[in-house]
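Peer 1:
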Amino acid sequence: MENFLKKHSARLQTTALILMLVIPFLLYAAASYDSIFQVNLLLAVMIGNMLFVMIKG
Amino acid sequence: MSFYFLRVDYMTDLFIVKWIFALSPILTVLVLMILKNWSGSRAGAAGWLVSLITASLVFGAHPKLLALSQVKGALLSLNVLYIIWAALLLYNVVNETGAIKVIGMGIQRFSGDKSIQIIIFGWIFASFLQGVAGYGVPIAVVAPLLVGLGFSPVVAVAVPAIGHSWSVTFGSMGASFQALMAVSGLDSSYLAPWSATLLGITTFLCGIFAVFVYGGWKMVKHSLIAILIVGSAMAGTQYVLAVSGMWTLGGFGASLVGLVSGLAAAKLNIYNQTSPSQTRLEMGLWWALSAYLILIAIVSAGVMIPSVKAFLGQVNLAFTFPEIVSLKGWVTKAGDGKGINLFGHGGALLLYSSMISYFVYRSKGFYKPHALKAIIQKTVKSGVPTSLGIVSMVCFAMIMDHCQMIYILAEGISRVFGSLYPLISPWIGLLGAFMTGSNTNSNVVFGVLQQETAQMAGLSTALILAAQTTGGALGSMIAPAKILVGCSTVGLSGQEGPVLKTTLRYGLIITGIIGMITMLASLIG
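Residue numbers (my numbering), protein chains in the order written: chain R, 1 to 57; chain Z, 1 to 525.
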């Protein structure tokens with residue numbers, strides 16, 4: 001696992017950045033439809049993404 | 001009566017607790033970056049998580065509020081990232097041809113005088129690089145050039161670190177100023193005059209201290225005429241460009257005019273006692289500068305010709321937001337978020353310049369095979385970590401803004417400092433840049449805080465935000481992230497202490513002077 005993260009660190013960082021910029025727009029769509037389940041789900045993904053950046057950033 | 005006092009005490013205690021909670025995300029970033037040496041991206045993500053937890057548990061954030069604040073954060077981030085990525089692309093398009101080295105060597109041929117070399121490389125050329133690239137590039141490029149000219153590694157890193165700081169706000173195509181406008185919601189015509197004034201004063205101070213680091217007051221006295229000529233040219237040009245709406249070219253245009261005036265000053269008799277270098281250049285100086293001439297033409301057309309501006313401004317990415325009320329009753333008004341002018345944005349103009357420059361250089365055969373791949377790889381490599389830090393910090397600043405956290409921080413500072421607030425406002429900007437390594441991030445994290453504090457204290461918002469961004473710009477000379485980059489290019493890795501000690505001393509002196517000027521300006525009104 002550690003080797004995988006080290007080997008693909010640049011690609012994972014790029015993916016994390018794309019997620020950081022895309023998830024908010026999905027959140028906007030979910031919030032516009034008052035879909036609390038989707039909002040919570042997307043916020044959970046965002047938290048996971050930030051945790052990844054914080055640990056492996 | 002006693003009940004009344006008890007109640008007041010209770011409220012004050014509660015406010016202090018709330019203030020500490022409101023400060024916790026910023027404190028997290030500070031501690032992790034300064035004491036634990038974390039990168040901006042990791043510390044920013046940690047700050048985001050702390051702000052999310054604090055906002056939910058203490059300040060009444062709910063999922064919909066968090067969702068909408070993040071969209072606003074993403075829009076703000078995209079506005080800034082558009083410029084950052086395009087500036088990095090242009091820099092790599094130019095650097096891949098070897099043109100940056102040629103520009104440096106071309107300047108070296110003008111004078112053999114050490115003080116003029118410090119002024120031209122450490123002050124003007126470093127500022128020019130800040131104008132076109134930023135993000136540590138000025139220190140990374142100039143430091144090895146100065147070592148090559150015979151300066152000690154510590155001086156070689158410290159001089160460009162101090163020299164380029166004044167141009168950070170309006171440099172990088174005005175990314176930091178764009179961020180200040182974005183978070184404050186204020187127009188460039190309102191913010192630019194004071195910002196350009198304080199940064200103009202900083203221009204002279206940076207020049208003086210860049211020379212002082214190498215030769216003390218004796219050398220400052222020797223180079224005073226050159227400092228006055230160049231400083232007036234750069235500060236004046238920056239002011240004119242900023243207040244006339246061309247703030248994207250503020251740092252770049254000012255340093256370009258500074259370069260011309262610096263080369264003219266180098267021809268004065270007092271600076272021609274030593275013979276200049278006779279090194280042959282690998283490509284013509286005009287070819288090396290051609291990308292930046294293309295940039296000037298495109299940005300001028302995009303900003304100054306109404307028909308071009310209108311044509312490019314047809315596609316605008318914008319979102320409308322409803323009123324958001326936190327569970328504690330804090331109301332964020334309904335309105336449009338920060339839109340993105342897709343084809344007329346400063347980043348778009350930079351992108352056009354990069355593409356045209358690439359084809360010009362390619363048609364002249366300046367690139368090695370697979371240069372395009374190298375350009376893209378280098379841009380992505382330096383762009384991603386910077387962007388991760390910016391997005392996470394902008395997003396946590398938006399959470400704080402939507403939950404009254406920034407308002408509470410501002411109210412606390414306003415209560416403690418009151419009318420003395422202008423004295424400390426540049427220090428807040430400096431702190432932000434020190435902890436995040438970026439004037440842009442400092443403006444994002446502290447811009448709204450400074451704006452609200454100024455409003456509460458009845459001070460000029462334009463003046464306080466100018467002090468914020470000036471402090472943020474000065475923070476660039478002491479930001480460990482940038483010092484690390486500079487030291488790595490001159491073989492000082494692991495020995496950053498002496499450089500940081502030097503830049504810290506002058507950074508604090510200049511910030512103190514700016515604080516006093518801000519105080520004086522607020523008293524005069």
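Glycine included, each C-beta is placed from N, C-alpha and C at the ideal position.
#1: In this structure, how does DSSP classify residue 336 of chain Z when only helix, strand and coil are distinguished?
#2: Whose Cβ in chain Z lies nearer than 9 Å to the Cβ of residue 19 of chain R?
#3: What would DSSP say about residue 444 of chain Z, mapped onto helix, strand or coil?
#4: Compare the Cα-Cα distances from residue 356 of chain Z to each of Z/31, Z/290, Z/64 and Z/379 and report the closest residue.
#5: Does the CB of residue 64 of chain Z have a neighbour CB from chain R at under 8 Å?
#6: Sorted by chain position, which residues of the same chain lie with C-beta nearer than 7 Å to residue 180 of chain Z's C-beta, five sequence neighbours on each side aside?
#7: Please name the residue, chosen from R/54, R/6 and R/27, that lies closest to residue 71 of chain Z on a Cα-to-Cα basis.
#8: With H, G and I counted as helix, E and B as strand and the rest as coil, what does DSSP make of residue 578 of chain Z?
#9: The alpha helix (DSSP H) spanning residue 474 of chain Z covers which residue range?
#10: Does the Cβ of residue 323 of chain Z have 16 or more other Cβ atoms within 10 Å, making it buried, or fewer, making it exposed?
#11: What does a CB cutoff of less than 6 Å around residue 492 of chain Z pick up in its chain, not counting 5 residues either side in sequence?
#12: With DSSP as the reference, label residue 424 of chain Z as helix, strand or coil.
#13: Which ranges would you report for the alpha helix (DSSP H) in the stretch 270 to 333 of chain Z if only whole runs of at least 4 residues count?
#14: Please confirm whether residue 31 of chain R has its beta-carbon closer than 8 Å to some beta-carbon of chain Z.
#15: Please check if any C-beta of chain Z sits within less than 8 Å of the C-beta of residue 54 of chain R.
#16: Report yes or no: is there a C-beta of chain Z within less than 8 Å of the C-beta of residue 39 of chain R?
#17: Can you tell me whether DSSP reads residue 95 of chain Z as helix, strand or coil?
#18: At the level of alpha carbons, what is the spacing between residue 49 of chain R and residue 189 of chain Z?
#19: So, at 7 Å on beta carbons, what are the nonlocal neighbours of residue 200 of chain Z in its own chain, with the 5 sequence-adjacent residues on each side left out?
#20: Report back the beta-carbon spacing between residue 337 of chain Z and residue 311 of chain Z to the nearest angstrom; my notes put them in contact at under 8 Å.
#21: Answer with buried or exposed for residue 42 of chain Z, where buried requires no fewer than 16 other C-beta atoms within 10 angstroms of its C-beta.
#22: Have a look at residue 51 of chain Z and residue 390 of chain Z and give me their C-alpha separation to the nearest angstrom.
#23: Once DSSP output is grouped into helix, strand and coil, what is the label at residue 45 of chain R?
#24: Would the beta-carbon of residue 230 of chain Z fall within 8 Å of that of residue 258 of chain Z?
#25: According to DSSP, is residue 37 of chain Z helix, strand or coil?
#26: For the alpha helix (DSSP H) holding residue 395 of chain Z, just list the boundary residues, first then last.
#27: Tell me which residues share the same chain as residue 102 of chain Z and place their Cβ nearer than 7 Å to its Cβ, disregarding the 5 neighbours each side in the sequence.
#28: Kindly list, in the order they appear in chain Z, the residues whose Cβ is closer than 8 Å to that of residue 16 of chain R.
#29: When the cut-off is 8 Å and only beta carbons count, does residue 8 of chain R lie next to chain Z?
#30: Return the chain-ordered list of same chain residues with a C-beta closer than 7 Å to the C-beta of residue 484 of chain Z, the five sequence neighbours on each side being excluded.
#31: Can you have a look at residue 117 of chain Z and say buried or exposed, based on whether 16 or more other CB atoms are within 10 angstroms of its CB?
#32: On a CA-only basis, which of Z/16, Z/170 and Z/397 is nearest residue 87 of chain Z? Give me that one, please.
#33: Using CA atoms only, rank isn't needed, just tell me which of Z/434, Z/225 and Z/210 is closest to residue 32 of chain Z.
#34: According to the neighbour-count rule (16 or more other Cβ atoms, all chains shown, within 10 Å of its Cβ), is residue 306 of chain Z buried or exposed?
#35: Between residue 345 of chain Z and the rest of its own chain, which residues show a CB-CB distance below 8 Å, the 5 nearest in sequence each way excluded?
#36: Bridge partners of residue 341 of chain Z, per DSSP?
Peer 2: To lay it out plainly:
#1: strand
#2: Within 9 Å Cβ-Cβ: nothing; residue 19 of chain R doesn't reach chain Z, min ~10 Å.
#3: helix
#4: Z/290
#5: yes
#6: 191, 443, 447, 465 and 469
#7: R/27
#8: Nothing can be reported for residue 578 of chain Z: it is not among the residues displayed for chain Z, which extend from 1 to 525.
#9: 461 to 475
#10: exposed
#11: 153
#12: helix
#13: 285 to 304 and 306 to 312
#14: yes
#15: yes
#16: yes
#17: helix
#18: 38 Å
#19: 235, 238 and 239
#20: About 24 Å; that fails the 8 Å criterion.
#21: buried
#22: 15 Å
#23: helix
#24: yes
#25: coil
#26: 371 to 402
#27: 281, 282, 283, 285 and 288
#28: 388
#29: no
#30: 496
#31: buried
#32: Z/170
#33: Z/434
#34: exposed
#35: 79, 82 and 83
#36: Z/316
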